[in-house]
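Participant: Chains A, G, X and C supply the protein sequences, listed in that same order.
Per the UniProt record's numbering, residue 1 is the first one in the first sequence, and the count goes up by one each step.
Per the UniProt record's numbering, residue 1 is the first one in the second sequence, and the count goes up by one each step.
Per the UniProt record's numbering, residue 1 is the first one in the third sequence, and the count goes up by one each step.
Per the UniProt record's numbering, residue 1 is the first one in the fourth sequence, and the count goes up by one each step.
Mind looking over this structure? Questions follow.
There are 4 protein chains.
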Amino acid sequence: MNDSASRTELAALHQVLVESALVAWTAGNVSARVGDDRFLIKPSGVPYERLTPESMVLCDLDGHPVAAGLKPSSDVFAHAYVYRHRADVGGVVHTHSTYATAWAARDEAIPCVLTAMADEFGGEIPVGPFALIGGEDIGRAIVQTLEGHRSPAVLLRNHGVFTIGGSAREAVKAAVMCEDVARTVHLSRQLGEPLAIPQPDVDSLYDRYQNVYGQ
Amino acid sequence: MNDSASRTELAALHQVLVESALVAWTAGNVSARVGDDRFLIKPSGVPYERLTPESMVLCDLDGHPVAAGLKPSSDVFAHAYVYRHRADVGGVVHTHSTYATAWAARDEAIPCVLTAMADEFGGEIPVGPFALIGGEDIGRAIVQTLEGHRSPAVLLRNHGVFTIGGSAREAVKAAVMCEDVARTVHLSRQLGEPLAIPQPDVDSLYDRYQNVYGQ
Amino acid sequence: MNDSASRTELAALHQVLVESALVAWTAGNVSARVGDDRFLIKPSGVPYERLTPESMVLCDLDGHPVAAGLKPSSDVFAHAYVYRHRADVGGVVHTHSTYATAWAARDEAIPCVLTAMADEFGGEIPVGPFALIGGEDIGRAIVQTLEGHRSPAVLLRNHGVFTIGGSAREAVKAAVMCEDVARTVHLSRQLGEPLAIPQPDVDSLYDRYQNVYGQ
Amino acid sequence: MNDSASRTELAALHQVLVESALVAWTAGNVSARVGDDRFLIKPSGVPYERLTPESMVLCDLDGHPVAAGLKPSSDVFAHAYVYRHRADVGGVVHTHSTYATAWAARDEAIPCVLTAMADEFGGEIPVGPFALIGGEDIGRAIVQTLEGHRSPAVLLRNHGVFTIGGSAREAVKAAVMCEDVARTVHLSRQLGEPLAIPQPDVDSLYDRYQNVYGQ
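If you want it as structure tokens, here you go:
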């Protein structure tokens, strides 16, 4: 995809966050890798309804804008860290979506009790440590926590959710599904204990969904 | 209804799932029997906003497409099983709607504590066993669990909801009402124990709703 | 208001129920008194998106249509009973709105712990007995339960909500506010016990809202 | 901003309350300071869909309209009190938003357990005393409770939320974010105890968000 198409798609994906009710006011952001050593990301503090393809900020893999213009999201260094350390990642999403963040505030992973979780996340959605914004701490927390998990989503304690994907659209899908299952499992646990899915069944569901589902 | 009208209605019914907030991303599907030995169903993994009448996949009652084109939903064999074993069924819906699935994750039936449940479901909404996707297990779980219940909706453990109806529209109605009562009973139980409706009153309400309600 | 204006307003008020998420599928209904001895009401089982001013059914105060055409709501006899016994009532609304019905399923009144409740309801929202649809039982339960309460809303056990007003629009307002406070008080009680408002303050708030608020 | 631009923006900000689902029926209001000794505020009891720039009521700092016309919101004296005692305030918002009001009904402050709370509120969202509408009591409760807190939002017991800002838009942002964090912390506490963020980290997050975030 060329730079212009990426900008258009990235602006559109930000609207998916709004339509899916994953973000409030200016919180949250999506980024998309462009070529090997650049990525586009939401500008800092700009309302979603004013985002345009042109307002997306092109950055290098250290998180610095490659041209003068709008400042990138203050989460830019977390995104940059992920792109530097995960060559397979083409898109990153960050939200404070309600139910997922409610789990994160208790420092709890979301257990795999739904076939939809086995399909998309291949097991639990893990939770990583508290980390302050602005440096490499959040990026490192994302990458280290996702090691050893199939999940493209990670909760960060007291903070929110980061998701990754082969493309920005896949990362947005993971953010949507993360909130969906976070909500369902939350509700289920309010009235008792949801039942775990045996690991061989989780494996079977994950394998099928990743390799057979879709066109 | 001819094939073209069925396709148009089936595409429209998928939008009802979206508008009723019963589905996330590409999850969920509706099918409609066409004649005695065919049914139309959603294609696998296609976003709801791109569904068209033409994209609906015509299958035989073994769940195989009758023409080259898009792959059917990966739930196609469950739908096919239902059509083969229930000649009265003209439509099937599958969702992971939030509150119903929260009950399913605990392997709990939804008790009949609302007149709206007595009207539409004639008693509890039962829960069936865990079953893996791809073969006949889910279809069999649906058909066997619904035996001996008036309910057109069944929860499947750790999974979600299937509903049936004389038409696809009736099955969609059952899916909408299932989530509605699942939510209300869930909330009611959060703060105490909802009161059961005596069986004779359930019978009376069900009889009236099925035979007197509507035009 | 003449008959034609009443029909137009009544159709529009049904859309307010939809927009306020108080109703699912064809459940719920609004009626409006026309003159002294007639009222208009929703037809039975017609989807909200197909309601037109012409489809509203004109009935006498025994609940019988005054002309051939669509059947009235199956709640028509409850509405009729209210109009016969409460000359001050110009509109009636019935819903199964989620949070209010969750209270009703436990047979619990909603305690007055919000200034917004004191304003609109002047105290608790009471709960009446279980009653079967189709005769005078529901109407009697509404009228008897509202005696001795300022509230224009009443919960019926295992069923839902009825609201009354000087006009259909006022009854719709009461239905919207009933669900709003039912939800807030429900949520508040999930994490502890909301504090009661002393009766003199309830009285003061109710008096001011009924007599000073608005233009 | 001249009077005409203020009216247009204030009418638009009321629609943000509706779109953000912070208000039901005619409840809630926004005001905006105009010059040093005037402010514009919502008229009393007018439905949100009928609000126009012209319908906003210009008042002096005692809360009295400066011209004949619509009556101001019955919360006008609370807004006036805030403008008289806080020269830094350019906008005030009042809502009964659901989750925040659920905390207020229990007389509980919302603890700072989310980075988004540290960013916007700099600590807990405090709760002030019960106060009757119509005089100076509510205004005094707002101003006194906010002393010694960084939070631009305050809960009032049994009532709802007031937020302040350098502009009306900033106060609306605080109202949106207040409900967002009230909901997330509420949900988190339903299933356990959310973890506090250490005060030095709260301070660091607040400082950064107030001084670095945005363009």
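The C-beta atom is built at its ideal place from N, Cα and C for all residues, glycine as well.
#1: Please report the straight-line C-alpha distance between A24/G and E147/X, rounded to a whole angstrom.
#2: Is the CB of Y99/C under 9 Å away from at least one CB in chain X?
#3: Got a sec? Which residues, its chain only, sit under 7 Å from P129/A by beta carbon, not counting five neighbours each side?
#4: Is the shortest distance between the beta-carbon of E124/C and the beta-carbons of chain X less than 9 Å?
#5: Smallest Cα separation from G91/X: which of Y81/X, T115/X and T98/X?
#6: With a cut-off of 9 Å, does the C-beta of V30/X fall near any C-beta of chain C?
#7: Suppose the cutoff is 8 Å on Cβ atoms and the five residues either side in sequence are ignored; what does the same chain contact list for D137/A look like?
#8: Are there 16 or more other CB atoms within 10 angstroms of the CB of S4/X, so buried, or fewer, so exposed?
#9: Under a three-way DSSP split, which group does H64/C fall into?
#10: How long is the line joining the alpha carbons of P53/G and L10/G, rounded to whole angstroms?
#11: Can you tell me which of the three DSSP states L155/G falls into?
#12: Of the residues L51/A, K42/A and D207/A, which one's Cα is nearest the Cα of S74/A?
#13: Alpha carbon to alpha carbon, how far is T163/G from R183/X?
#14: Which chain G residues are close to D75/X, counting only those with a beta carbon under 9 Å from its beta carbon?
#15: Between which residues of its own chain and H96/X is the CB-CB distance below 6 Å, once the five residues before and five after are set aside?
#16: Considering only the alpha carbon of each residue, which of A104/A, A100/A and I125/A lies closest to K112/A?
#17: Roughly how many angstroms lie between the CA atoms of A153/A and A118/A, to the nearest whole one?
#18: Between which two residues does the beta strand (DSSP E) holding T95/A run?
#19: Note down, in chain order, all residues in the segment 1-13 of chain X with a beta-carbon under 9 Å from any beta-carbon belonging to chain C.
#20: Pull out every residue of the segment 92-121 of chain C whose Cβ sits closer than 7 Å to any Cβ of chain A, in chain order.
#21: Apart from the five residues just before and just after G123/G, which ones in its own chain have a Cβ nearer than 7 Å to its Cβ?
#22: Please tell me whether R150/C has its Cβ less than 9 Å away from any Cβ of chain A.
#23: Mind checking who G165/A pairs with in its DSSP beta bridge?
#24: Would you kindly work out how many angstroms separate the C-alpha atoms of S31/X and R208/A, rounded to a whole number?
#25: Give the secondary structure of A32/X by DSSP, where H, G and I count as helix, E and B as strand, and everything else as coil.
#26: Return the first residue and the last residue of the alpha helix (DSSP H) that R38/G is part of.
#27: Taking only the alpha-carbon atoms, compute the straight-line gap between A175/C and D60/G and give it to the nearest angstrom.
#28: Based on Cα-Cα distance, which residue from A102/X, T145/X and E179/X lies nearest to L195/G?
#29: What separation, rounded to the nearest whole angstrom, lies between the Cα atoms of Y83/C and Y83/A?
#30: Using a threshold of 9 Å, state whether the C-beta atoms of L155/G and A116/G are closer than that.
#31: Below 8 Å CB to CB, which residues in the same chain sit around Q144/X once its five sequence neighbours on both sides are set aside?
#32: If F77/X sits next to G165/X, beta carbons under 8 Å apart, how far is it from one beta carbon to the other, in whole angstroms?
#33: Using the beta-carbon count (16 or more within 10 Å), is N29/X buried or exposed?
#34: Assuming V172/A and V93/A form a contact by the criterion Cβ under 8 Å, report the distance between their Cβ atoms to the nearest whole angstrom.
#35: Would you mind reading off the limits of the alpha helix (DSSP H) that contains T8/G?
#36: Could you tell me which chain C residues have their CB closer than 8 Å to the CB of T163/X, listed as they occur along the chain?
Facilitator: The short version:
#1: The residue given as residue 24/G occupies position 24 in the second sequence. The residue given as residue 147/X occupies position 147 in the third sequence. Between A24/G and E147/X, the alpha-carbon positions lie close to 46 Å from each other.
#2: Numbered from 1 along the fourth sequence, position 99 holds the residue referred to as residue 99/C. By this cut-off, Y99/C is an interface position.
#3: To locate residue 129/A, count along the first sequence from 1; it is residue 129. Here the set comprises A141 and R157.
#4: The residue labelled residue 124/C in the question sits at position 124 within the fourth sequence. False, the Cβ-Cβ gap to chain X never drops below 9 Å.
#5: Sequence index remark: in the third sequence, residue 91/X carries index 91 (1-based). For G91/X, the closest of Y81/X, T115/X and T98/X by C-alpha to C-alpha distance is Y81/X.
#6: Stepping through the third sequence from its first residue, residue 30/X is reached at position 30. By this cut-off, V30/X is not an interface position.
#7: Position 137 of the first sequence, counted from the first residue, corresponds to residue 137/A. Once the five neighbours on either side are set aside, the close Cβ partners of D137/A are A131.
#8: Position 4 of the third sequence, counted from the first residue, corresponds to residue 4/X. Counting Cβ neighbours within 10 Å, S4/X comes out exposed, since fewer than 16 surround it.
#9: Position 64 of the fourth sequence, counting from 1, holds the residue named residue 64/C. Looking at H64/C - three-state DSSP - the assignment turns out to be coil, as it is neither helix nor strand.
#10: Looking up residue 53/G in the second sequence gives position 53. Looking up residue 10/G in the second sequence gives position 10. Near 7 Å, if we compare the C-alpha coordinates of L10/G and P53/G.
#11: In the second sequence, residue 155/G corresponds to position 155, counting from 1. Strand at L155/G.
#12: Translated into positions along the first sequence, residue 74/A becomes position 74. Distance check between S74/A and each of L51/A, K42/A and D207/A places K42/A closest, using alpha-carbon atoms only.
#13: For this step, residue 163/G is matched to residue 163 along the second sequence. For this step, residue 183/X is matched to residue 183 along the third sequence. Cα to Cα, the separation comes out at about 29 Å.
#14: Indexing the third sequence from 1 puts residue 75/X at position 75. Those within 9 Å of D75/X in chain G number zero; the least Cβ separation is about 10 Å.
#15: As a first step, residue 96/X is located in the third sequence; it is residue number 96 there, counting from the start. The answer, listed in chain order, is A27 and G160.
#16: The count along the first sequence starts at 1 and reaches residue 112/A at position 112. Residue identity check: residue 112/A is Cys in the sequence provided, not Lys. Of the listed residues, the one whose Cα sits closest to C112/A is I125/A.
#17: Locating residue 153/A in the first sequence gives position 153, counting from the first residue. Locating residue 118/A in the first sequence gives position 118, counting from the first residue. Straight-line Cα distance between these residues: approximately 13 Å.
#18: By one-based count along the first sequence, residue 95/A stands at place 95. Element bounds for T95/A: G91 to T95.
#19: none
#20: V113, L114, T115 and A116
#21: For the purposes of this step, residue 123/G is identified with residue 123 of the second sequence, where counting begins at 1. Taken in chain order, the residues that qualify are C112, H149, R150, S151 and V202.
#22: The residue given as residue 150/C occupies position 150 in the fourth sequence. Not an interface residue.
#23: As a working note, residue 165/A is residue 165 in the first sequence. Beta-bridge pairing links G165/A to G91/A.
#24: Stepping through the third sequence from its first residue, residue 31/X is reached at position 31. Stepping through the first sequence from its first residue, residue 208/A is reached at position 208. Approximately 53 Å, taken between the alpha carbons.
#25: Taking the third sequence and counting its residues from 1, one reaches residue 32/X at position 32. Looking at A32/X - three-state DSSP - the assignment turns out to be strand.
#26: The residue given as residue 38/G occupies position 38 in the second sequence. Judged by DSSP secondary structure, R38/G falls outside any alpha helix (DSSP H) and instead within the beta strand (DSSP E) spanning R38 to I41.
#27: Residue mapping note: residue 175/C aligns to position 175 of the fourth sequence, counting from 1. Residue mapping note: residue 60/G aligns to position 60 of the second sequence, counting from 1. Rounded to the nearest angstrom, the two C-alpha atoms are 55 Å apart.
#28: On the second sequence, residue 195/G is found 195 positions in, with the first residue counted as 1. For L195/G, the nearest C-alpha among the options comes from A102/X.
#29: In the fourth sequence, the residue the question calls residue 83/C occupies position 83. In the first sequence, the residue the question calls residue 83/A occupies position 83. Cα to Cα, Y83/C sits roughly 48 Å from Y83/A.
#30: If you number the second sequence from 1, residue 155/G lands on position 155. If you number the second sequence from 1, residue 116/G lands on position 116. No.
#31: As a working mapping, residue 144/X is identified with position 144 in the third sequence. Correct list, in chain order: G128.
#32: Sequence index remark: in the third sequence, residue 77/X carries index 77 (1-based). Sequence index remark: in the third sequence, residue 165/X carries index 165 (1-based). The Cβ separation is near 20 Å, so there is no contact.
#33: Within the third sequence, numbered from 1, the residue matching residue 29/X stands at position 29. With 16 or more Cβ atoms within 10 Å of its Cβ, N29/X is classed as buried.
#34: For the purposes of this step, residue 172/A is identified with residue 172 of the first sequence, where counting begins at 1. For the purposes of this step, residue 93/A is identified with residue 93 of the first sequence, where counting begins at 1. At roughly 6 Å, the Cβ-Cβ gap stays under 8 Å, so V172/A and V93/A are in contact.
#35: Along the second sequence, read from residue 1 onward, the residue named residue 8/G stands at position 8. Unbroken alpha helix (DSSP H) run through T8/G: D3 to E19.
#36: Position 163 of the third sequence, counted from the first residue, corresponds to residue 163/X. Per Cβ cutoff of 8 Å: no residues; T163/X is ~13 Å from chain C at best.
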